[in-house]
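Chemist: Before I ask anything, here is the structure I am working with.
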Amino acid sequence: MNFADSERIRARLKKEGWREVVRRQDADLIIINSCVVRESAENRVYGLINEIRKSGRKPKIILTGCLAGWARRDQTGRNLRQLRRRIGDDVEIKLIDQFAGLETKPQRQAHADGYAYVPISNGCNNFCSYCIVPFSRGREVSRPAKAILREVQCLLRRGHSKIMLLGQNVNSWWGRGRIKTFAQLLEAVATMEGLKDTTFLSANPWDFSNDLINVIAKNKNISRSVHLPLQSGDDEILRKMKRNYTAADYLNLVTKIKKAIPDVKLTTDIIVGFPGETEKAFENTRKVCRAVGFEKAFVSRYSPRPGTLSVKLYPDDVPPAEKKRRWRILNGMINLKLGT
Ligand code: SF4
Numbered sequence: 010m011n012f013a014d015s016e017r018i019r020a021r022l023k024k025e026g027w028r029e030v031v032r033r034q035d036a037d038l039i040i041i042n043s044c045v046v047r048e049s050a051e052n053r054v055y056g057l058i059n060e061i062r063k064s065g066r067k068p069k070i071i072l073t074g075c076l077a078g079w080a081r082r083d084q085t086g087r088n089l090r091q092l093r094r095r096i097g098d099d100v101e102i103k104l105i106d107q108f109a110g111l112e113t114k115p116q117r118q119a120h121a122d123g124y125a126y127v128p129i130s131n132g133c134n135n136f137c138s139y140c141i142v143p144f145s146r147g148r149e150v151s152r153p154a155k156a157i158l159r160e161v162q163c164l165l166r167r168g169h170s171k172i173m174l175l176g177q178n179v180n181s182w183w184g185r186g187r188i189k190t191f192a193q194l195l196e197a198v199a200t201m202e203g204l205k206d207t208t209f210l211s212a213n214p215w216d217f218s219n220d221l222i223n224v225i226a227k228n229k230n231i232s233r234s235v236h237l238p239l240q241s242g243d244d245e246i247l248r249k250m251k252r253n254y255t256a257a258d259y260l261n262l263v264t265k266i267k268k269a270i271p272d273v274k275l276t277t278d279i280i281v282g283f284p285g286e287t288e289k290a291f292e293n294t295r296k297v298c299r300a301v302g303f304e305k306a307f308v309s310r311y312s313p314r315p316g317t318l319s320v321k322l323y324p325d326d327v328p329p330a331e332k333k334r335r336w337r338i339l340n341g342m343i344n345l346k347l348g349t
């Protein structure tokens with residue numbers, strides 16, 4: 010999503026007459042499009058600002074993206090003051106929408122995966138207890154189907170044939186008029202002439218409808234690689250995470266998907282070391298992973314994010330070394346195929 014936002018920021022700056030340089034030290038203006046999903050990503054932003062300051066030159070720095078959103082969207086002003094204490098007063102902090110909205114025509118970059126990125130929604134209303142996204146990106150907003158289809162059409166005319174639909178909660182997209190659900194939107198995209206491959210990121214399990222499964226099964230140009238975040242395979246941890254499903258619900262959904270799309274390859278996100286995750290709870294996650302047989306997993310160690318419910322309710326009680334051990338086990342089992 011940040012890549013897609015950067016393509017829109019780039020277009021806006023170009024329109025204003027800015028020219029892109031290759032080396033950071035040649036820039037008069039540096040835009041940092043930040044991520045705060047984990048503490049390490051946030052720390053990289055502070056490190057980068059320090060590095061730029063130490064370089065001697067004094068380019069104007071604008072901080073945007075999720076860290077800026079987290080600071081600017083907080084009505085109390087507390088987050089902004091906290092951020093100011095970290096980065097000083099000389100860095101401008103701007104919401105992404107102040108640069109470019111979802112309807113800004115992007116200046117596209119080539120991506121390693123070959124897809125052209127098309128955001129269809131932004132923000133999230135789910136408030137999973139560990140997640141900072143609803144605070145940094147705000148509430149969920151869906152783009153009108155007409156605008157999305159126009160953008161895809163335009164890409165196809167220009168020779169793109171691979172389209173990735175993006176949203177923090179991509180499959181909860183909703184529309185007015187003829188195309189109301191994400192399944193209908195995906196089908197409308199998949200049946201456009203010239204489209205060879207389409208995919209979407211990131212879907213949540215509770216909005217993964219039967220209609221969506223059928224649309225994927227029916228249209229061979231929709232990628233067979235489906236990303237379905239699990240986060241944990243333990244019911245008590247899932248409840249504390251405020252993920253609206255149990256391990257059994259998740260496995261039932263996987264069974265339905267595999268039945269309808271036999272060549273599907275499932276990938277996932279998992280958090281290890283969430284507060285209160287016992288060895289038994291971790292073993293439950295491994296059990297679900299064994300049962301699903303994920304192709305790939307993005308395993309992350311729980312990182313308390315300021316302002317989220319999990320920080321307020323649960324102490325970060327799994328020691329870092331234990332989080333690392335659990336990360337190694339899952340990463341080895343799923344990504345390195347080392348077995349259980
Ligand atoms: S659904 Fe995804 S983006 Fe939304 S709060 Fe949960 S983890 Fe965050």
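In the working numbering, the protein residues as written are 10 to 349. Where a beta carbon is used, it is the ideal one built from N, C-alpha and C, also for glycine.
1) Between the Cα of Trp215 and the Cα atoms of Arg148, Asn261, Trp336, Asp35, which residue gives the shortest distance?
2) Please report how far the alpha carbon of Trp183 lies from the alpha carbon of Ala330, in whole angstroms.
3) Across which residues does DSSP place Ala125 in a beta bridge pair?
4) By how many angstroms is the C-alpha of Pro313 removed from the C-alpha of Glu48?
5) Could you pull out every unbroken beta strand (DSSP E) segment of at least 3 residues lying fully inside the region 215-257, listed in chain order?
6) For Ala13 versus Lys114, is the C-beta distance shorter than 8 Å?
7) Nearer than 7 Å: is that true of the beta carbon of Val235 relative to any heavy atom of ligand 1?
8) State the CB to CB distance for the pair Ile266 and Leu239, rounded to an integer number of angstroms; the pair is presumed to be in contact (CB under 8 Å).
9) Please confirm if the region 84-98 is in contact with the region 129-140, defined as three or more CB-CB distances below 8 Å between the two stretches.
10) Using DSSP bridges, identify the partner residues of Gly74.
11) Is Phe136 near ligand 1, with its Cβ less than 7 Å from a heavy atom?
12) Name the residue from Val281, Gly341, Lys346 whose alpha carbon lies nearest to the alpha carbon of Tyr383.
13) Residues in the same chain with beta-carbon distance under 7 Å from Asn11, minus the five sequence neighbours each way, listed in chain order, please.
14) In chain order, what are the residue ranges of uninterrupted alpha helix (DSSP H) at least 4 long that sit wholly in the region 254-307?
Modeler: With the given structure in hand:
1) Asn261
2) 42 Å
3) Ile172
4) 7 Å
5) 234-236
6) no
7) no
8) In fact, because the Cβ distance is near 13 Å, the residues do not count as touching under 8 Å.
9) no
10) Ser43
11) yes
12) What the structure shows of the chain is the stretch from 10 to 349, and residue 383 is not part of that stretch, so it cannot be assessed.
13) Asn42, Cys44, Gly74
14) 256-269, 288-301
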